[in-house]
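For reference, the structure discussed in these notes is given below.
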Amino acid sequence: MCGIFGLIQRSGDVAPTILEGLSRLEYRGYDSTGVATIDNGILKIRKDAGKIKDVADRLHIAEMKGSIGIGHTRWATHGAPNMINAHPHTDQHGKIAVIHNGVIENFLELKQELLDKGHNFVSKTDTEVIPHLIEEEMKGEVGLAEATLRSLRRIKGSYAVCVLSSLEPNKIVCARLESPLVLGVSDGATYCASDAPAIRPYTNKVVYLRNGELATIDVNGYKIVKVADGSVVERAPEEITWSIEMAEKQDFPHYMLKEIYEQPISLRNSLRLQEKYMDLLTAFLDRGKEVFLVSAGTSQHSCIAGSYIFSQIARLTTYPVVSSEFVERYGSTVGIDSIILAVSQSGETYDTLKAVDHSRMRAATVLGLTNTVGSTLTRVSRAYLIQQSGPEIGVAATKTFTAQVLVLAQLALRLAKLRGKLSQDELDEYGANLHKIPDLVETVLETTHERVKEIAAREKDSRLFLFLGRGISSATAMEGRLKLLEITYVPSLAYPAGESKHGPISIIEKDTSCVFVCPRGETHAEIIGSIMEMKARGARIISICEEEDTSIIGLSDEVIEMPKSIPELLSPVPYIVPLQLLAYELAILKKLDPDKPRNLAKSVTVP
Ligand code: G6P
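See the structure below:
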């Protein structure tokens with residue numbers, strides 16, 4: 002997975018803007034950086050392994066000349082992160098430069114064909130075949146756009162590509178299939194990038210390219226055609242309504258912390274869903290013979306929490322399934338009566354889209370929940386909801402979890418109403434509780450952060466964490482553990498507390514850190530038993546429980562006290578907050594950058 006940024010403007014050098022754009026895309030990968038511009042009719046490239054700032058300083062990229070250029074931040078899929086494999090890649094004569102995000106499945110075949118024709122390759126990447134294919138096509142006297150179109154028709158796999166050539170120095174040709182690409186238009190400049198926040202500082206007018214579309218951009222705008230048949234697509238720009246401040250760090254040291262603190266606002270937005278679409282999704286959910294909640298990472302944990310809410314409030318059985326397992330596990334039985342609710346912040350996760358494609362082929366109904374308007378998921382879903390949490394830059398998802406759980410809880414409430422499963426009083430009470438959640442999260446941020454910092458300081462050297470919860474809190478425990486794992490790299494396990502005696506208890510030694518998520522509710526008595534089991538074996542008990550919950554407080558070494566009267570079924574939203582903060586504070590104490598976890602990327606758009 003990689004980040005792409007291209008720009009053509011009437012005058013002035015584009016390199017500084019490209020670097021700015023790339024830094025906003027760094028969350029998509031950051032093992033290598035490269036920029037190409039056209040300087041006096043000559044294609045110039047500077048690239049190397051390393052983070053954008055380091056490479057840009059070392060190679061003086063900001064000083065590159067030219068009013069047209071493309072830039073790339075890489076997350077390796079084929080070929081190690083080094084200078085040769087960094088993008089842009091060129092044809093044999095250094096006249097065509099290509100940057101690419103995606104995977105070309107048939108690149109070995111294509112490479113062999115080109116080798117047989119006498120081409121030399123320098124890198125180990127799949128991308129390098131693209132400029133060579135375009136070079137071959139241009140021998141037939143066709144222009145850059147047509148040659149790119151013909152080359153892309155031969156590619157199997159996924160791509161977002163940008164092509165720049167000194168042979169036609171006044172345009173950038175870009176296209177997408179499965180990997181995201183957005184155009185931006187302003188007076189005298191046209192942009193293309195992997196996502197809209199990268200373009201937002203320069204314009205609020207964007208055009209989302211769809212799968213299998215190619216755009217040629219120049220200073221006056223853009224022209225879109227379909228890769229398959231070259232037919233012209235008319236599409237007017239859309240206006241972005243969120244501001245760039247929403248996507249920048251403001252006064253927070255890291256995006257992750259900023260996004261944790263943004264949750265009261267993002268949750269208020271997540272309560273403002275459009276009735277029409279809520280009703281549509283509810284009607285589909287009601288009709289299905291079986292309902293699968295398909296997702297990956299944090300989104301899967303939202304789905305696990307959602308499955309408890311659906312069953313308890315709306316009496317709907319749902320099956321949360323990780324996307325990468327879906328096709329093998331249920332692919333041969335899913336059919337016309339099945340509902341697939343795909344949940345994905347980005348709407349671009351490869352495995353989730355693969356599960357969706359498979360289900361569509363088998364005539365199942367696909368519904369979507371995503372944060373990204375215009376994403377692939379929104380286009381392939383029969384109906385979809387936007388979680389409305391605004392751009393999330395931190396690789397470790399935070400506001401995504403809370404927003405998704407809140408949206409799923411609203412859907413469950415609507416379904417309960419439709420099915421007549423709750424009395425009017427119960428419906429009203431549940432609805433009122435949902436609306437209290439953003440304020441509760443605000444209170445939790447105010448009252449627990451200092452406490453979490455103290456606990457983090459004492460837990461700094463802990464070499465193993467176990468996260469336990471019962472019922473819906475097992476989803477909170479899993480998500481808390483994922484945060485810790487993602488940004489601190491401390492080995493950790495998460496289990497439904499009742500299951501812990503079937504294995505995890507064997508790793509408990511004196512001072513093993515055991516985090517218990519214990520809201521008041523049906524599981525309260527049982528979680529006390531689980532705490533005692535761990536305590537008896539010497540574990541250090543860190544509990545998140547309601548204030549004045551003396552039975553839990555008396556058993557714990559450390560306590561994070563939460564406001565009273567949070568219904569257990571909605572507890573994952575406020576109760577995850579201290580766990581997000583704990584992971585963040587531990588990362589800081591360990592001098593790790595929480596916004597750039599190693600080996601991870603915000604959006605996994607490759608198999
Ligand atoms: C990656 C990210 C996670 C995210 C997961 C699913 O692994 O690092 O933070 O939860 O993808 O992403 P999605 O966009 O489908 O929710």
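So for the sequence shown, our numbering puts the first residue at 2; every next one is plus one.
Every residue gets a Cβ at the ideal spot worked out from N, C-alpha and C, and that includes glycine.
Minimum C-alpha distance to residue i - residue among the options
{"i": "N372", "options": "A384, R361, V381, E393", "result": "E393"}
{"i": "T18", "options": "R211, A199, F311", "result": "A199"}
{"i": "V292", "options": "D280, S300, S312", "result": "S312"}
{"i": "K355", "options": "P573, T334, E329", "result": "E329"}
{"i": "I347", "options": "Q275, L494, I528, V605", "result": "Reading the sequence as shown, one finds Ser at residue 347 and not Ile. Out of Q275, L494, I528, V605, V605 has the C-alpha closest to the C-alpha of S347."}
{"i": "G336", "options": "S566, D352, D358, D558", "result": "D358"}
{"i": "G35", "options": "S180, V295, A98, G67", "result": "A98"}
{"i": "R29", "options": "P89, S195, L111, I488", "result": "S195"}
{"i": "Y31", "options": "I488, P132, K603", "result": "K603"}
{"i": "L317", "options": "R59, N107, K484, L423", "result": "L423"}
{"i": "Q388", "options": "L378, V408, R380", "result": "V408"}
{"i": "D596", "options": "L286, A495, A398", "result": "A398"}
{"i": "D462", "options": "E263, K592, A16", "result": "K592"}
{"i": "K536", "options": "Y431, I506, V186, A77", "result": "I506"}
{"i": "D429", "options": "D440, A417, L580", "result": "A417"}
{"i": "H525", "options": "L469, Y256, T126", "result": "L469"}
{"i": "P82", "options": "V323, E110, K52, L109", "result": "K52"}
{"i": "L485", "options": "E510, V578, E548, C546", "result": "V578"}
{"i": "T403", "options": "E443, S376, E427, G375", "result": "E443"}
{"i": "P265", "options": "Q301, Y192, K511, P575", "result": "P575"}
{"i": "C519", "options": "N86, E548, E240, G504", "result": "E548"}
{"i": "I105", "options": "G67, I156, I62", "result": "I156"}
{"i": "I131", "options": "R151, S167, Y203", "result": "R151"}
{"i": "L26", "options": "V183, V406, C515", "result": "V183"}
{"i": "K48", "options": "N212, W76, P89", "result": "P89"}
{"i": "D512", "options": "C163, A540, T489", "result": "A540"}
{"i": "L268", "options": "E240, L435, V491", "result": "L435"}
Buried or exposed by the 16-neighbour rule on C-beta atoms within 10 Å, applied to residue i
{"i": "N171", "result": "exposed"}
{"i": "W243", "result": "exposed"}
{"i": "K259", "result": "buried"}
{"i": "T74", "result": "buried"}
{"i": "D55", "result": "exposed"}
{"i": "G298", "result": "buried"}
{"i": "A315", "result": "buried"}
{"i": "N121", "result": "exposed"}
{"i": "I43", "result": "exposed"}
{"i": "E487", "result": "buried"}
{"i": "R599", "result": "exposed"}
{"i": "G70", "result": "buried"}
{"i": "E64", "result": "exposed"}
Between the CA atoms of residue j and residue i - distance to the nearest angstrom
{"i": "L178", "j": "G103", "result": "9 Å"}
{"i": "G144", "j": "R415", "result": "55 Å"}
{"i": "P254", "j": "K437", "result": "29 Å"}
{"i": "C175", "j": "L587", "result": "42 Å"}
{"i": "T366", "j": "I341", "result": "6 Å"}
{"i": "A237", "j": "Y385", "result": "22 Å"}
{"i": "A216", "j": "P181", "result": "13 Å"}
{"i": "D338", "j": "I561", "result": "45 Å"}
{"i": "G472", "j": "T319", "result": "15 Å"}
{"i": "S609", "j": "V344", "result": "Residue 609 is absent from the structure shown; the chain starts at 2 and stops at 608."}
{"i": "G95", "j": "G119", "result": "16 Å"}
{"i": "L60", "j": "T126", "result": "22 Å"}
{"i": "D113", "j": "I46", "result": "Residue identity differs from the one stated: residue 113 is Gln in this sequence, not Asp. When rounded, the distance between both Cα atoms is 26 Å."}
{"i": "M279", "j": "R383", "result": "13 Å"}
{"i": "I528", "j": "A478", "result": "13 Å"}
{"i": "Y262", "j": "Y160", "result": "35 Å"}
Beta bridge counterpart(s) of residue i as assigned by DSSP
{"i": "T74", "result": "G4, T34"}
{"i": "M563", "result": "E547"}
{"i": "I69", "result": "I9"}
{"i": "V234", "result": "I225"}
{"i": "L184", "result": "C193, V208"}
{"i": "V344", "result": "L370"}
{"i": "A176", "result": "V162, L215"}
{"i": "R541", "result": "S514"}
{"i": "L467", "result": "L494, C515"}
{"i": "S339", "result": "E291"}
Proximity test, Cβ basis, 9 Å: residue i and chain B
{"i": "S24", "result": "No chain B appears in the structure shown, which is made up of a single protein chain."}
Report task. Starting from the N-terminal side, write out each stretch of the beta strand (DSSP E) that is 3 residues or longer and does not extend beyond the region 250 to 322. Result -> For the region 250 to 322, whole beta strand (DSSP E) runs of length 3 or above, ordered along the chain, are 291 to 296.
Report task. List in chain order: all unbroken alpha helix (DSSP H) runs of 4+ residues lying wholly within the region 568 to 606. Result -> Scanning the region 568 to 606 from its first residue to its last, the whole alpha helix (DSSP H) runs of 4-plus residues come out as 573 to 590.
Query raised in the report: Can you list, in chain order, the stretches of the beta strand (DSSP E) that have 3 or more residues and sit fully within the region 360 to 393?
Result: Taking only runs of at least 3 residues, the beta strand (DSSP E) segments lying wholly in the region 360 to 393 are 366 to 371, 384 to 387.
Query - Secondary structure, beta strand (DSSP E): runs of 3+ residues fully inside the region 39 to 118 - result: The region 39 to 118 is shown to contain whole beta strand (DSSP E) runs of 3 or more residues at 43 to 50, 69 to 75, 97 to 105, in chain order.
Query - Every unbroken alpha helix (DSSP H) inside the region 492 to 536 [4 residues or more] - result: Runs of the alpha helix (DSSP H) inside the region 492 to 536: none found.
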